[in-house]
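Accompanying notes for the structure given below.
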Amino acid sequence: MTIMVTGASGRLGGTVARLLLERSTGERIVVGARDRRAVAGLGAEARAADYDDPTVLKTAFTGVDILYLVSTNGPHSGRLAQHTAAIHAAADAGVGHIVYTGILGSAPPVIGALAWDTERVIEASGVPHTILRHSLYTQNYTASLAETLADGELVSATGSGRVATADLGDLARAAVEVLLDERHRGVVYELTGPRAWRLDELAAAVAERAGTPVAHRPVSGAELTAELLAAGVPASGAEVLVGIETAIAAGAFTEVSPDLEGLLGGPATSMEESVDSALAQLG
Ligand SMILES: NC(=O)c1ccc[n+]([C@@H]2O[C@H](COP(=O)([O-])OP(=O)(O)OC[C@H]3O[C@@H](n4cnc5c(N)ncnc54)[C@H](OP(=O)(O)O)[C@@H]3O)[C@@H](O)[C@H]2O)c1
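The sequence shown begins at 37 in the numbering used here and counts up by one.
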């Protein structure tokens with residue numbers, strides 16, 4: 037059985053690849069990135085797998101039984117074509133099963149449309165598949181903790197909205213379960229964290245643990261857009277960020293699904309535990 041992880045140079049794919057290498061027992065593990073040198077250090081067979089290059093992709097996917105397909109990053113335009121090229125190359129290469137990392141059905145179209153359209157392309161390809169619909173990563177918030185601590189404030193347009201983020205490490209562990217256990221084939225999982233929390237709760241958790249004041253400063257979507265543009269964030273990036281925050285304010289990410297804990301076989305990581313890990317990394 038050969039399992040290939042694409043996007044293995046990134047946070048999610050890299051974590052999945054490392055866990056798979058620890059957990060797998062007879063499976064051959066292959067890792068891919070646009071430049072194979074970016075994943076050569078993982079200790080698995082490294083292949084170039086650029087979604088912009090169909091010829092390279094067909095070679096990359098040859099002999100692969102299960103493909104963990106990570107969405108590309110960057111601006112939206114062109115990404116559906118990248119995903120489509122990867123799915124068609126997988127079909128042409130005879131890949132037996134695709135495990136796709138999508139996004140919750142309740143997400144706003146500004147971030148959800150690409151993943152939902154990709155699901156349709158996978159369905160149309162005829163390749164058997166499993167869909168892992170991710171919530172927002174808790175790490176989207178904890179990645180900037182150093183900045184939050186320095187500013188003493190957390191600015192958001194989420195209002196009193198709640199968000200059931202999922203810890204990226206949990207999503208990777210769940211993916212490994214799916215990749216190694218054929219009972220998960222053909223299922224659509226909605227993967228959220230264990231509790232929907234508010235941004236003021238995150239600010240309080242950071243303040244309590246770091247022993248320094250951190251206030252939540254709620255702003256409107258228009259105010260956040262202006263602050264992001266003034267900070268040099270491109271208009272397309274600001275649109276996505278503000279779209280996510282106003283969707284949180286409107287309740288798009290409040291639902292908690294049992295699927296992640298089901299796959300993990302135990303409790304999922306809480307927002308507070310993710311904060312603890314991020315603070316420990318800051319030293
Ligand atoms: N749910 C959420 O909150 C959330 C948050 C962030 C991201 N995401 C999505 O989840 C994906 C994985 O997240 P992440 O944190 O691991 O992102 P990341 O660290 O930015 O990694 C993105 C990966 O995509 C690969 N990639 C980019 N363009 C590619 C192309 N043309 N062909 C093949 N691979 C390409 C990159 O490989 P290279 O080394 O070749 O660049 C990298 O390995 C992201 O790409 C994004 O779509 C979701």
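Note that CB positions come from ideal geometry on N, CA and C, so glycine has one too.
Under 8 Å, do Leu55 and Ile39 count as touching if we go by C-beta distance? no
Which stretch, first to last residue, makes up the beta strand (DSSP E) that contains Leu307? At residue 307 the sequence reads Met, which differs from the Leu that was named. Met307 -> not in any beta strand (DSSP E); alpha helix (DSSP H) instead, spanning 307-318.
Give me, in chain order, the residues of the same chain whose beta-carbon lies closer than 6 Å to that of Ser313; leave out the 5 immediate sequence neighbours on both sides. none
For Val212, is the beta carbon positioned less than 7 Å from some heavy atom of ligand 1? no
Quick one: is Leu265 buried, meaning 16 or more other Cβ sit within 10 Å of its Cβ, or exposed? exposed
Which one of Ala143, Leu103, Glu183 has the shortest CA to CA distance from Ile158? Leu103
Just curious, the beta strand (DSSP E) that Thr320 is in, first and last residue? This structure cannot speak to residue 320, because the chain is shown only from 37 to 319.
Can you find the residues in the same chain that come closer than 6 Å, C-beta to C-beta, to Ser161, ignoring five residues on each side of it along the sequence? Ile123, Ala127
Identify whether Ser192 lies in helix, strand or coil by the three-state DSSP scheme. strand
Where the beta strand (DSSP E) through Leu105 begins and ends: 102-105
Determine the closest residue to Ala285 out of Ala200, Ala186, Val67, Asp71, with distance taken between C-alpha atoms. Ala200
Closer than 7 Å: Asp295 CB and nearest ligand 1 heavy atom: no
For the beta strand (DSSP E) containing Thr166, list its first residue and its last residue. 165-170
Considering Leu227, what are the terminal residues of the beta strand (DSSP E) in which it resides? 224-227
For ligand 1, I want to know if Tyr104 counts as a neighbour, meaning its beta carbon is within less than 7 Å of at least one of the ligand's heavy atoms. no
Under 7 Å: does the beta carbon of Leu48 sit that close to some heavy atom of ligand 1? yes
Arg198, DSSP secondary structure in three states: strand
Among all the DSSP beta bridges, which residues are the ones paired with Pro254? Ser192
Buried or exposed, going by whether 16 or more other CB atoms sit within 10 Å of the CB of Glu58? exposed
Asp86: CB within 7 Å of a non-hydrogen atom of ligand 1: yes
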